[in-house]
Amino acid sequence: MKPSPTYDITRSYEANYQEGPFLKEKPPARQIRKKVKFLGFDVNSRLGIPAGPLLNSRWIIAYAELGFDLLVYKTVRTAATPSHPDPNCMFLQWKGPLTEKDFGKRLIASMESPSSVEEISITNSFGMPSRDPKIWQEDIGRAKGGIGDGQLLIVSVVGTPGEKDLAEDYARAARLAAEAGAPVVEINLSCPNVVTGEGSVYTDPVFSSEISRRVKQAIGSVPLIIKIGYISDPSRLEKVVAANAPHVDAISGLNTLSFEVVNPDGTQALPGKGRLRSGVCGAAIRSCAMTQAKRIVDLKQKEKYDFEIVGVGGVMTSAHVREFLGVGVDAVMTATGAMWDPFLAYRYWQEEAGR
Ligand SMILES: Cc1cc2nc3c(=O)[nH]c(=O)nc-3n(C[C@H](O)[C@H](O)[C@H](O)COP(=O)(O)O)c2cc1C
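Plus 111 on top of the position in the sequence shown (first one is 1) and you've got my numbering.
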C-alpha cells in the first residue's frame, strides 16, 4: 500500500493539532452487520487507534468516519504541557523486526518515507503535550458527540512526574476524564518512574498497581485500561499483570520500544536535550508486540483473569489485524499503520464482509 499520511511530520504538533488530519479522500460508508462486545459496550468491531495519532475531537471524528471503532484520545494531563519541538516523528531505516538482541543498538532515522506502508517504522517523541484540562474536557464532549453508533471513545491520561504524589496525579487526571464523560479511561504507565528510578512505571509491579488501584477508586464504574510497554523478562511480566489484575478492565500494549536514534551522519536525530533516546513503533515492533500479547493471553488463561487484552504494535495491514486476533487478544489497535494508511479499517471491513 502506498503511504498516504494524515499527519504531516514536516510540521509541528501544534500545526497538526490545529489543521489536521490531512485526508485526501473519504472511503465509502460501511455495511455494519452485527455488533461485538468490548468492555461491556456493543461495538461495530474490535479495531481501533491507540493513544497518539488522535490529537483532538476533529481527529477522533475523522478516524471514526474511516471505520475505526475504538478511538483513544491522545494522552492528556492535569496541567497544560507543551510539545517537544519538531520533528516529532522520523522514519527509521531499519528493515525487518527488532528483536531482543537488537536492544541497545543505535538506529538511523531520516525524513525519507519508505514506498510501502508495510515497511514503515518510525521514532516518535512528543513529550505527551496536553491542553489545560478545561479545554480537553470540553473537547471530549465534542468527540463523544461526533462519533457513530457502535463506536467507543477512550481517553488516555498520564500523571506528571515531579508532582508531589504521582499516583494521586494519575487519579486526578482520570477523574477529570471521567467527569468529562469519558466512557473508558486508559492510563499510560510507560512514563519515567520517578519513585524507584529504574525505568518506567509499568515495569514495577508494586508502584504500577498502586497507581491502577488509586485510579480505579477515583473513576468507579468507568472501565480502566492500563497501557504498558515491553517487558523482556516473562516472570516480571507475570508479576506486573498479577499485581494490576484486580484493578483493571483491560491491558493494552505495547507502547513504543525505547532506542537511541541518530541521523545517517551519527548525530542525534531529534533535536533537544534528552531526546537521543526516543520511542520506536510501526512495522519493526510487531514481533515483540505479538510475543508479549501471547504471553498475556497465556497468563490470562492460566490464572483465569477477567480483564480484556488490547494488542498494539506494528499492525500495518488487515492481515496483521487478523494475526493479532488469532493470538487471542480481544481488540487490536494501530497507530503508525493508521497514520500512513487511513483506509486500513475500511479494507479490513471489506475483507471481513467477503469471508
Ligand atoms: C504519533 C504517535 C504519538 C503517540 N503518542 C502516545 C501517547 O500520547 N500516549 C501513549 O500511551 N502512546 C502513544 N503512542 C504510542 C502508541 O499508542 C502505540 O503504543 C505505539 O505507537 C505502537 O503502535 P504502532 O506500532 O501501531 O504505532 C504514540 C504513537 C505515535 C505513532
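We put the CB at the ideal spot given by N, CA and C, even for glycine.
Please read all numbers here as calculations on a predicted model, not as lab measurements.
Simplified DSSP assignment, three categories, for residue i
i      : result
Ile231 : coil
Pro244 : helix
Phe179 : coil
Arg386 : coil
Thr121 : coil
Thr210 : coil
Asn366 : coil
Glu309 : Below a pLDDT of 50, predicted positions are generally treated as unreliable, and Glu309, at 49, falls in that range; no measurement from the model is reported.
Asn167 : coil
Tyr184 : strand
Ile258 : coil
Lys327 : helix
Arg406 : helix
Ile251 : helix
Cys302 : coil
Val351 : helix
Asp153 : strand
Among the options, the one whose alpha carbon lies nearest that of residue i
i      : options                        : result
Val154 : Thr378, Phe179, Gln262         : Gln262
Val97  : Val351, Asp180, Leu300         : One cannot answer for residue 97 here, as it falls past the ends of the chain, which runs 112 to 466.
Pro161 : Gln204, Gly393, Glu371         : Gly393
Met112 : Ala464, Glu463, Gly448         : Gly448
Ala288 : Lys245, Leu203, Pro316, Thr445 : Lys245
Leu387 : Ile219, Gly273, Pro208         : Ile219
Pro294 : Cys302, Gln248, Thr314, Ser311 : Gln248
Leu348 : Asn366, Asp315, Thr367, Val373 : Asp315
Ala444 : Ala278, Leu182, Ala175         : The amino acid at residue 444 is misidentified as Ala; the sequence shows Met. The candidate whose alpha carbon is nearest that of Met444 is Leu182.
Lys350 : Gln379, Phe214, Arg406, Ala400 : Arg406
His195 : Gly159, Glu125, Ser343         : Glu125
Lys464 : Pro116, Arg141, Asn127         : In the sequence under discussion, the amino acid at residue 464 is Ala, which differs from the Lys named in the question. Taking only the C-alpha atoms, the option nearest Ala464 is Arg141.
Val372 : Pro114, Ser221, Lys212, Ile120 : Ser221
Val403 : Gly439, Gln379, Phe133         : First, the amino acid is wrong: residue 403 is Gln here, not Val. When only C-alpha atoms are compared, the closest one is Gly439.
Leu365 : Trp460, Gly390, Gln129, Ala254 : Gly390
Pro193 : Glu223, Met201, Phe214, Tyr128 : Tyr128
Sub-9 Å separation of residue i and residue j beta-carbons
i      : j      : result
Ser398 : Thr210 : yes
Pro453 : Leu177 : yes
Ser267 : Lys185 : yes
Gly252 : Ile171 : no
Ile339 : Asp360 : no
Asp441 : Phe149 : yes
Thr189 : Gly270 : yes
Val312 : Leu368 : no
Ser241 : Val187 : yes
Tyr341 : Ile396 : yes
Pro116 : Pro225 : no
Val228 : Met401 : no
Arg325 : Glu279 : yes
Asp250 : Ala191 : no
Inter-residue Cα distance where the pair is residue i and residue j
i      : j      : result
Gly385 : Met239 : 14 Å
Ser123 : Ile231 : 20 Å
Gly331 : Leu264 : 17 Å
Ala285 : Val333 : 10 Å
Gly131 : Asp197 : 15 Å
Arg458 : Lys275 : 47 Å
Phe370 : Cys302 : 15 Å
Met450 : Tyr118 : 6 Å
Val421 : Ala329 : 23 Å
Leu203 : Lys216 : 13 Å
Val410 : Pro357 : Before going further, note that residue 410 is Leu rather than Val in the sequence given. Looking at the two C-alpha atoms, the distance is approximately 14 Å.
Glu309 : Leu455 : Confidence at Glu309 is low in this model, with a pLDDT of 49, below 50, so the placement of that residue is unreliable and no value is reported for it.
Ser156 : Val423 : 15 Å
Ile362 : Thr121 : 33 Å
Ala282 : Arg433 : 35 Å
Tyr174 : Trp460 : 14 Å
Gly159 : Leu300 : 20 Å
Arg466 : Ile143 : 14 Å
Lys145 : Leu436 : 18 Å
Trp205 : Lys255 : 38 Å
Determine contact between the segment 368 to 387 and the segment 226 to 244, defined as no fewer than three beta-carbon pairs at a distance below 8 Å. The segment 368 to 387 makes contact with the segment 226 to 244; the number of CB pairs closer than 8 Å reaches 3 or more.
Please determine if the segment 313 to 323 and the segment 165 to 172 are in contact, where contact requires at least 3 C-beta pairs separated by less than 8 Å. The segment 313 to 323 and the segment 165 to 172 do not touch, with fewer than 3 CB-CB distances between them shorter than 8 Å.
Between the segment 403 to 422 and the segment 128 to 142, do three or more beta carbon pairs fall short of 8 Å? Segments in contact, no.
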